[in-house]
Amino acid sequence: MREMMERNASMRALAVIGGGPAGLAAAVAAVENGVRPEDILIFEREPELGGILLQCIHNGFGIHRFGEELSGPEYAARFAAKVHEYGIPSLLSTMVLSMEQLPNGNKRITAVSEEKGLIQIEARAVVLSMGCRERGRGALNIPGSRPSGIYTAGAAQKFVNIKGYLPGKKVVILGSGDIGLIMARRMTLEGAEVKAVAELLPYSGGLSRNIQQCLKDFGIPLLLSHTITKIHGRERVTGVTISEVDAHRTPIPGTEQEIECDTILLSCGLIPENELTVQAGIPLDRVTGGAVVGENRETEMPGVFAAGNVLHVHDLVDFVSAEAELAGKSAARWLKEGERTVVKRLPVTPKGIIRYVVPQSIALPQNEDVRLFFRVGEVAEKVNILVECGDRVLYKSAKAKVLPGEMESVTVKAEKLAGLEEIPNAGLTVRLEKR
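Okay, here's the thing in structure tokens:
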């Protein structure tokens, strides 16, 4: 076994783990910032580059990035074409098993593929872009038997769009995440009847445009503050019981209603795929489920960067690409210059209804503008977004409405950060105030 690994071992400047939109954008950005294409290696467990975008055949991608609406495969193809144009090598159908830091600071990546067997690659820098996975039934504690006909929304999307199979004819969707909303429309277009979308929270977890285009335009009811309290059927799903929930998300007795169906789709949130990150000893943020990073998306392990849904769950792939390009550019700079001199590192803290902010810290001195991404925990209207350091306001803007299902971002100018390193115990806070 050791001899086989030694034969496959090689050295790279940069390893990119994950060949979805984040990994592709990071690899392209690294080349455009001075890393030789042959010194990069992309690991992708699927047989094609593109990640989840390959099964997202609906449009709506690329509006911010390219100024036009593209389907998922079209969006992925633009970055995959750049990867091929630059000659960046990739290992497809290859699963990364582990990543560890060596005494010399390099990272050893162990992977396996049917074609090459067990592989070990040593890399000076790594970009983590493994994406995320869906929360399954096991994490939801829904009472009932275990019949066939229960799928995550993403699995059903792959069945319909890639395999050409229709999972069922009468559908109930639990959760109003974007994939669930899009699958409500897709199943309807394929001839199925979507009986209802039930959402535990008093607001939808998806984008406003998807609620309009996927539910309202097709007359599909959205039941807020409702959840499935029982699944009926033994061999195959025959129906569900849906109940209204109170402010504590507890089912209210007497509100039960039975809906006949043969299929349940679960769209109950996404979990960043950070098993490799945890295994490598890199700290995670307890709210995002992704690594704790600085403004250049470097984790607390020097030379390891993270971007995309493995860092925090995004709504729009355009933002994934922008963040991944920053990670790729930062990795290229790190390979060229090494660790930058940091006088001080400011923590970035969310306040009030803001659940989290990425990045979690900013290095000073800072000569570039810093973009902060955040999500709120509840709906708020007519608010100001504030970024403050003590009594100094670094950023302020008005917002008509903020929603938990839509990620927000603000950009703090570099000149606003100047001199903050001289303030004792300084830190940034991001909060909302009512107008």
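For the sequence shown, the working numbering gives the first residue as 1087, with consecutive numbering after it.
All residues carry an ideal CB built from backbone N, CA and C; glycine is no exception.
- Inclusion of lysine 1415 and asparagine 1119 in the CB contact set at 7 Å is warranted, their separation being smaller than that value.
- Residue pairing from DSSP places glutamate 1330 in a beta bridge opposite His1312.
- Residues Glu1130, Pro1133 of the same chain have their beta carbon placed closer than 6 Å to that of leucine 1178, with the five preceding and five following residues left out of the count.
- Between the stretch 1391-1409 and the stretch 1301-1316 there are fewer than three inter-stretch CB-CB distances shorter than 8 Å, so the stretches are not counted as touching.
- By the neighbour-count definition (other C-beta atoms within 10 Å, threshold 16), proline 1445 is a buried residue.
- In the DSSP assignment, glutamine 1243 falls within the unbroken alpha helix (DSSP H) covering 1239-1244.
- Shown here, cysteine 1475 sits in a strand according to DSSP, grouped into three states.
- Pairing aspartate 1332 with histidine 1312, the inter-Cα distance amounts to about 9 Å.
- For lysine 1202, the secondary structure class from DSSP, reduced to helix, strand or coil, is coil.
- Pairwise C-beta distances place the stretch 1103-1114 in contact with the stretch 1164-1177, as three or more of them are shorter than 8 Å.
- When only Cα atoms are considered, lysine 1485 and leucine 1472 end up about 11 Å apart.
- Within the stretch 1152-1213, the runs of beta strand (DSSP E) at least 3 residues long that lie entirely inside it are, in chain order, 1180-1187, 1193-1199.
- Around the beta carbon of lysine 1281, 16 or more other beta carbons lie within 10 angstroms, which makes this residue buried.
- Apart from sequence neighbours up to five positions away, the residues of its chain that approach lysine 1487 with a beta-carbon distance below 6 Å are Glu1467, ordered along the chain.
- Its Cα nearest to that of proline 1388, the residue Glu1423 stands out among Arg1122, Glu1423, Gln1243, Glu1411.
- Our two residues, valine 1117 and aspartate 1404, have alpha carbons roughly 20 Å apart in a direct line.
- A contact is defined here as three or more CB-CB pairs under 8 Å, and the stretch 1203-1223 meets this definition with respect to the stretch 1354-1363.
- Rounded to whole angstroms, the separation of the alpha carbons of isoleucine 1357 and valine 1399 is 8 Å.
- About 44 Å separates the beta carbon of serine 1407 from that of glutamate 1321, a gap too long to meet the 8 Å contact definition.
- In this structure, the beta-carbon distance from threonine 1341 to glutamate 1330 falls below 7 Å.
- Just so you know, the alpha carbons of alanine 1504 and glutamate 1386 end up roughly 24 Å apart.
- Isoleucine 1345 is bridged by DSSP to Val1326.
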